[in-house]
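For reference, the structure is listed below as structure tokens.
Numbering (our numbering), first residue to last: 15 to 268.
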């Protein structure tokens, strides 16, 4: 994953081979100067770090340890961005994945669980006080989440969770109010067209008009699709995309 701040790109990396290995090496976050494209710093963090977020002068990294199964990592690393040093590890939950900050300074962190007895869920982290970089878990939401996007006071998410008993994926599309932490809906697509999506693989919300975009990976080997929905959850259009479309960004031209 990658995040940008003050002329630099911060990139998380597993560092070691992608293979099941209980003795896998620790991952890292690299700092890349966006002008020279040179690596200017590196900080060792937890095992198989995934998404990262920047709040103030600190980088918060969701460590998964996903390839150390069953010895998953369960921490969020806190990295001081100027010195590129890890100053703390916050215990959160096993097999962490996504991490996003809302406009109130809270961090929303997702756990994949162990795909069996421990289900996917979400955690809310807040600063111990306004002068500290240290964050603590202040809430746990038993809501599975595969990907999320925060726009204003709303956290949009979808979940693709495998059900062993039914031998199929359970897919939900929800919205959480980041102020109250209340699940407002688990079906933000309101016209029934969610059946057109085989495997959701990316989500974003247009800050200009509230349109919701969801990508579809389909069968992972053929062309995917991008679907657009109004803020009311009605489908507006779909377009063919490349294989496994995942991320998107908005460019606004004057």
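Where a beta carbon is used, it is the ideal one built from N, C-alpha and C, also for glycine.
All of these numbers come straight from a predicted model, not from anything done at the bench.
Flag residue 261 as yes if its beta-carbon sits less than 7 Å from any beta-carbon of chain D, otherwise no.
Structure shown: chain D not included; a single protein chain is present.
Taking the alpha carbon of residue 80 as the reference point, which residue from 266, 63, 91 has its own alpha carbon closest?
The sequence position of residue 80 within the chain shown is 66, counting from 1. Comparing Cα-Cα distances from residue 80 to each of 266, 63, 91, the minimum goes to 63.
Indicate the three-state DSSP secondary structure (helix, strand or coil) for residue 238 in the structure shown.
One-based indexing of the chain shown puts residue 238 at position 224. Note: residue 238 maps to strand in three-state DSSP.
Got a sec? Which residues, its chain only, sit under 6 Å from residue 173 by beta carbon, not counting five neighbours each side?
Locating residue 173 in the chain shown gives position 159, counting from the first residue. The answer, listed in chain order, is 158, 159, 160, 186.
Please report the residue range of the beta strand (DSSP E) in which residue 47 lies.
Your numbering for residue 47 matches position 33 in the chain shown. Residues 42 to 47.
Determine the extent of the beta strand (DSSP E) in which residue 50 is found, giving its start and end residues.
Indexing the chain shown from 1 puts residue 50 at position 36. Here residue 50 belongs to no beta strand (DSSP E), and DSSP marks it neither H nor E.
Determine the contact status of residue 19 and residue 48, defining contact as a CB-CB distance below 7 Å.
Mapped onto the chain shown, residue 19 falls at position 5. Mapped onto the chain shown, residue 48 falls at position 34. Their beta carbons are not under 7 Å apart, which means residue 19 does not touch residue 48 by this criterion.
Hey, could you find the ends of the beta strand (DSSP E) residue 26 is sitting in?
Within the chain shown, numbered from 1, the residue matching residue 26 stands at position 12. Unbroken beta strand (DSSP E) run through residue 26: 22 to 27.
Would residue 113 and residue 67 be called neighbours here (beta carbons separated by less than 7 Å)?
Position 99 of the chain shown, counting from 1, holds the residue named residue 113. Position 53 of the chain shown, counting from 1, holds the residue named residue 67. Yes.
With a 10 Å radius around its C-beta and 16 neighbouring C-beta atoms as the bar for buried, classify residue 123 as buried or exposed.
Working through the chain shown from its first residue, we reach residue 123 at position 109. Classification for residue 123: buried.
Which one of 74, 45, 35, 27 has the shortest CA to CA distance from residue 21?
Translated into the one-based positions of the chain shown, residue 21 becomes position 7. Comparing Cα-Cα distances from residue 21 to each of 74, 45, 35, 27, the minimum goes to 45.
DSSP state of residue 209 mapped onto helix, strand, coil
The residue labelled residue 209 in the question sits at position 195 within the chain shown. Reduced to three states, the DSSP call for residue 209 is helix.
Which of helix, strand or coil does DSSP assign to residue 182?
Reading the chain shown from its first residue, position 168 is the one you call residue 182. Reduced to three states, the DSSP call for residue 182 is strand.
Is the segment 235 to 249 touching the segment 199 to 207 in the sense that three or more CB pairs, one from each, lie closer than 8 Å?
yes
Residue 163: first and last residue of the uninterrupted beta strand (DSSP E) it sits in
Translated into the one-based positions of the chain shown, residue 163 becomes position 149. Counting along the chain, the beta strand (DSSP E) containing residue 163 begins and ends at 161 to 165.
DSSP-derived helix/strand/coil call for residue 88
Position 74 of the chain shown holds residue 88. Residue 88 falls in the coil class under three-state DSSP.
Do residue 78 and residue 109 count as a contact pair if the criterion is CB distance below 7 Å?
Position 95 of the chain shown, counting from 1, holds the residue named residue 109. Position 64 of the chain shown, counting from 1, holds the residue named residue 78. Yes, Cβ-Cβ distance for residue 109 and residue 78 is below 7 Å.
Can you give the beta carbon distance from residue 152 to residue 140, rounded, assuming they're within the 8 Å contact cut?
Working through the chain shown from its first residue, we reach residue 152 at position 138. Working through the chain shown from its first residue, we reach residue 140 at position 126. 5 Å between Cβ atoms; contact.
To the nearest angstrom, how far is the alpha carbon of residue 219 from that of residue 189?
Taking the first residue of the chain shown as 1, we reach residue 219 at position 205. Taking the first residue of the chain shown as 1, we reach residue 189 at position 175. Looking at the two C-alpha atoms, the distance is approximately 12 Å.
For residue 52, does the count of other Cβ atoms within 10 angstroms reach 16, so buried, or fall short, so exposed?
The residue given as residue 52 occupies position 38 in the chain shown. By the neighbour-count rule (16 or more Cβ atoms within 10 Å), residue 52 is not buried but exposed.
Compute the beta-carbon to beta-carbon distance between residue 82 and residue 31, rounded to the nearest angstrom, for a pair I have assumed lies under 8 Å.
Within the chain shown, residue 82 is the residue found at index 68, counting from 1. Within the chain shown, residue 31 is the residue found at index 17, counting from 1. Rounded, the Cβ-Cβ distance is 12 Å, inconsistent with contact.
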